[in-house]
Amino acid sequence: MIQIQNLHKSFGTLEVLKGIDLSIPKGTTAVIIGPSGSGKTTLLRCLNLLEIPDQGNIQLGDQIIQFKAGAKLKSKEVVDFRKNTGMVFQGYNLFPHLTALENVMEGQVTVLKRSKTDAEAKARKLLEKVGLKERADMYPHQLSGGQQQRVGIARAMAMDPQVLLFDEPTSALDPELVGEVLKVMKDLAKENMTMVVVTHEMQFAQDVADQVIFMDQGVVVEKGTPEQVFQQTSNQRTLQFLNKVSSR
Amino acid sequence: MFADQERFDRIVGILSDSFFPILKAGIQFTIPLTLITFVLGLILAFFIALARITNIKVLNVIARFFVWIFRGTPLLVQIFILFYGLPSLGITLNPFPAAVIAFTINVGAYSSEIIRAAILSIPKGQWEAAYSIGMTKSQAMRRIIIPQAIRVSLPPLGNSFISLVKDTSLAATITVTELFQKGQQIAAYTYEPLWIYIEVAFIYLIFSTVLSYLQNWLEARFERSVAK
Numbered sequence: 001m002i003q004i005q006n007l008h009k010s011f012g013t014l015e016v017l018k019g020i021d022l023s024i025p026k027g028t029t030a031v032i033i034g035p036s037g038s039g040k041t042t043l044l045r046c047l048n049l050l051e052i053p054d055q056g057n058i059q060l061g062d063q064i065i066q067f068k069a070g071a072k073l074k075s076k077e078v079v080d081f082r083k084n085t086g087m088v089f090q091g092y093n094l095f096p097h098l099t100a101l102e103n104v105m106e107g108q109v110t111v112l113k114r115s116k117t118d119a120e121a122k123a124r125k126l127l128e129k130v131g132l133k134e135r136a137d138m139y140p141h142q143l144s145g146g147q148q149q150r151v152g153i154a155r156a157m158a159m160d161p162q163v164l165l166f167d168e169p170t171s172a173l174d175p176e177l178v179g180e181v182l183k184v185m186k187d188l189a190k191e192n193m194t195m196v197v198v199t200h201e202m203q204f205a206q207d208v209a210d211q212v213i214f215m216d217q218g219v220v221v222e223k224g225t226p227e228q229v230f231q232q233t234s235n236q237r238t239l240q241f242l243n244k245v246s247s248r
Numbered sequence: 249m250f251a252d253q254e255r256f257d258r259i260v261g262i263l264s265d266s267f268f269p270i271l272k273a274g275i276q277f278t279i280p281l282t283l284i285t286f287v288l289g290l291i292l293a294f295f296i297a298l299a300r301i302t303n304i305k306v307l308n309v310i311a312r313f314f315v316w317i318f319r320g321t322p323l324l325v326q327i328f329i330l331f332y333g334l335p336s337l338g339i340t341l342n343p344f345p346a347a348v349i350a351f352t353i354n355v356g357a358y359s360s361e362i363i364r365a366a367i368l369s370i371p372k373g374q375w376e377a378a379y380s381i382g383m384t385k386s387q388a389m390r391r392i393i394i395p396q397a398i399r400v401s402l403p404p405l406g407n408s409f410i411s412l413v414k415d416t417s418l419a420a421t422i423t424v425t426e427l428f429q430k431g432q433q434i435a436a437y438t439y440e441p442l443w444i445y446i447e448v449a450f451i452y453l454i455f456s457t458v459l460s461y462l463q464n465w466l467e468a469r470f471e472r473s474v475a476k
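Quick note, the sequences are listed as chains A and B, same order. Under the working numbering, the first residue of the first sequence carries the number 1, and numbering increases by one thereafter. Under the working numbering, the first residue of the second sequence carries the number 249, and numbering increases by one thereafter.
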């Protein structure tokens with residue numbers, strides 16, 4: 001499980017996260033929603049240390065990292081932490097010089113030092129799981145956006161992370177390709193993968209989330225079950241946001 | 249152009265007699281000099297590029313200073329300083345090593361900029377994706393960034409390579425009997441500079457052409473996997 005306490009992050013004088021406290025139990029899916037600039041993507045990037053928070057602490061499994069302004073983390077600590085988190089990016093960020101299969105093998109071989117044979121077997125299994133068994137030998141530019149994103153999910157899964165982080169995984173996709181990616185994510189949720197998802201897909205949040213977190217201006221405004229946040233909320237800011245999103 | 253049959257026969261005779269000696273000088277000296285200095289130069293260039301990219305200030309300054317000096321002064325002058333100048337400090341270099349050192353430094357200075365630009369052209373998302381699967385900086389560099397940067401830098405490096413083939417003719421000025429020097433010698437005793445130097449140019453052209461085919465082949469190999 002993930003425990004976040006009093007997390008702060010500033011870029012220059014702009015305070016993007018103003019003390020975030022969250023708890024995401026093992027095997028559950030947390031969906032973070034909120035207007036752009038609310039800090040939700042920064043929060044997600046802090047969870048695998050692509051951004052280093054200024055203050056607070058994050059616990060993942062039995063590893064706890066504390067952040068203090070000016071203190072530098074050991075690079076080993078950072079790498080170990082990242083090994084336990086998988087990230088799926090808005091722009092896929094597949095490695096263009098490697099095939100789908102090699103993309104999913106790369107981290108297993110280079111980072112986890114698995115043998116090529118084991119890594120390939122695992123990669124093929126994961127590609128099959130995301131419905132791309134037949135595309136294993138294709139390069140990213142030969143795949144559609146939805147297919148690339150599914151390879152991205154397989155790549156993250158291949159590291160056996162304790163948590164999968166999704167940064168607006170469907171925002172860059174053509175509308176007709178969104179469904180195939182969400183379906184893979186739903187399947188993962190059903191298998192009790194721990195997931196933190198930043199998304200604008202409210203239906204997905206409603207259907208899949210165990211916990212919906214509404215962020216605005218660097219703070220968590222509200223969190224609860226989809227029902228609590230979507231149907232029962234009386235918070236003005238939440239209502240305003242939901243209104244805007246649903247009237248699109 | 250040819251006053252009579254006898255003159256024509258003489259020129260044909262000289263050209264056919266000199267073709268293989270000049271070609272041989274090219275194969276013996278021009279090609280090895282080109283290949284050795286290009287490989288060494290690229291290794292040097294790679295480290296200069298890394299020194300410029302790293303956030304260690306001292307290395308940045310040293311690398312920039314190096315590039316500034318060797319891009320800002322003529323190659324011919326550098327060669328002369330090495331070969332004719334250093335002996336007065338007690339350092340005497342043989343012609344071929346002197347040429348290798350001068351060309352290596354030159355390739356290093358110019359190509360470092362190409363390599364640096366290629367590395368910086370790889371999108372930030374590639375670094376992040378590499379980090380996100382737990383790679384260290386050096387793993388990300390070796391496995392993800394460099395392979396893509398090579399592809400980006402191949403066309404401009406190919407140009408540097410072709411230039412280098414021709415620049416090696418400067419080695420003639422420090423008595424390396426490479427292709428051009430051989431041509432000079434033959435032109436001197438046959439008194440046919442026009443025809444001999446055209447022949448020399450022709451042989452350079454053959455070398456450059458073969459090498460650009462090699463370049464195209466390499467580019468195609470790396471292009472295969474990567475989207476436009």
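For each residue, glycine too, the CB sits at the ideal point set by N, CA and C.
A contact between stretches requires three or more CB pairs, one per stretch, nearer than 8 angstroms, and the segment 163 to 174 of chain A fails this requirement with the segment 123 to 142 of chain A. Look at A/Thr29 here: in three-state DSSP terms it is strand.
Boundaries cannot be given for A/Thr13, as no alpha helix (DSSP H) includes it and DSSP labels it neither H nor E.
A/Val196 is positioned such that its CB atom lies no closer than 9 angstroms to that of A/Gly34. Taking 9 angstroms as the threshold, the shortest C-beta distance from A/Thr110 to chain B falls below it. Rounded to whole angstroms, B/Arg364 and B/Glu426 show a C-alpha spacing of 32 angstroms.
Shown here for B/Ile451: same chain residues with a beta carbon closer than 7 angstroms to its own, the five before and five after excluded, namely Ile270, Leu271, Gly274, Leu427 in chain order. Excluding the 5 residues flanking it on each side, B/Ala378 has same chain C-beta neighbours closer than 6 angstroms at Ala388, Ile392, in chain order. Counting only runs that start and end inside the segment 414 to 458 of chain B, the alpha helix (DSSP H) elements of at least 4 residues fall at 427 to 438. By the criterion of a C-beta distance shorter than 7 angstroms, A/Ile153 is surrounded in its chain by Val88, Val130, Val184, once the five residues flanking it on both sides are discounted. In the structure shown, A/Val221 falls within a strand segment according to DSSP collapsed to helix, strand and coil. For A/Leu94, a Cβ of chain B is located within less than 9 angstroms of the residue's own Cβ. Annotation: B/Ile291 is outside any beta strand (DSSP E); the continuous alpha helix (DSSP H) that includes it extends over 279 to 301.
Cβ proximity to chain A below 8 angstroms picks out Gly382, Met383, Thr384, Lys385, Gln387, Arg391, Ile392, Pro395, Gln396, Arg399 from the segment 382 to 416 of chain B. Contact between B/Leu323 and B/Ala350 holds, with the beta-carbon distance rounding to 7 angstroms and staying under 8 angstroms. Between A/Met159 and A/Gly224 a beta carbon distance of about 31 angstroms is seen, past the 8 angstroms cut, so the two are scored as non-contacting. In this structure, A/Val16 and A/Gly218 form a Cβ contact; the two beta carbons are roughly 6 angstroms apart against a cut-off of 8 angstroms. By the Cβ test, the segment 3 to 17 of chain A is in contact with the segment 56 to 65 of chain A, since at least three Cβ pairs between them sit closer than 8 angstroms. By the neighbour-count criterion, in which 16 or more other beta carbons inside 10 Å mark a residue as buried, A/Gln148 falls on the buried side. Taking the Cα of A/Ala100 as reference, the smallest distance to any Cα among A/Arg114, A/Arg150, A/Val178 is reached at A/Arg150. Chain B places no beta carbon closer than 9 angstroms to that of A/Arg124, leaving this residue out of the contacts. By the neighbour-count criterion, in which a residue is buried when 16 or more other Cβ atoms sit within 10 angstroms of its Cβ, B/Arg319 is exposed.
Secondary structure note for B/Phe318: its alpha helix (DSSP H) is the uninterrupted segment 305 to 320. Nearest neighbour of A/Ser144 by Cα position, chosen from A/Glu201, A/Met105, A/Ile32, A/Glu176, turns out to be A/Glu176. Here the alpha carbons of A/Ile52 and A/Cys46 stand approximately 6 angstroms from one another. Looking at the DSSP output, A/Val245 sits in no beta bridge, so it has no partner there. In the three-state scheme derived from DSSP, where H, G and I count as helix and E and B as strand, A/His8 is classed as strand. Here the alpha carbon of A/Glu77 sits roughly 20 angstroms from the alpha carbon of A/Thr42. Within chain A, the residues Phe89, Gly91, Asn93 have their CB atoms less than 7 angstroms from the CB of B/Gly373, given in chain order. Distance from the Cα of B/Leu281 is smallest, within the candidate group B/Asp265, B/Leu462, B/Thr416, for B/Thr416. Going by DSSP, A/Gly145 is part of the alpha helix (DSSP H) stretching over 145 to 157. A Cβ-Cβ distance of about 6 angstroms is found for the pair A/Gln162 and A/Leu60, placing them in contact under the 8 angstroms criterion. Taking 9 angstroms as the CB threshold, A/Asn48 lines the interface with chain B.
With a cutoff of 9 angstroms on beta-carbon distance, A/Gly19 and A/Met215 are scored as not near each other. Taking B/Ala420 as reference, the option from B/Pro395, B/Leu459, B/Val348, B/Gln463 with the minimal CA-CA separation is B/Val348. Interface with chain B (9 angstroms Cβ-Cβ cutoff): A/Asp62 is excluded.
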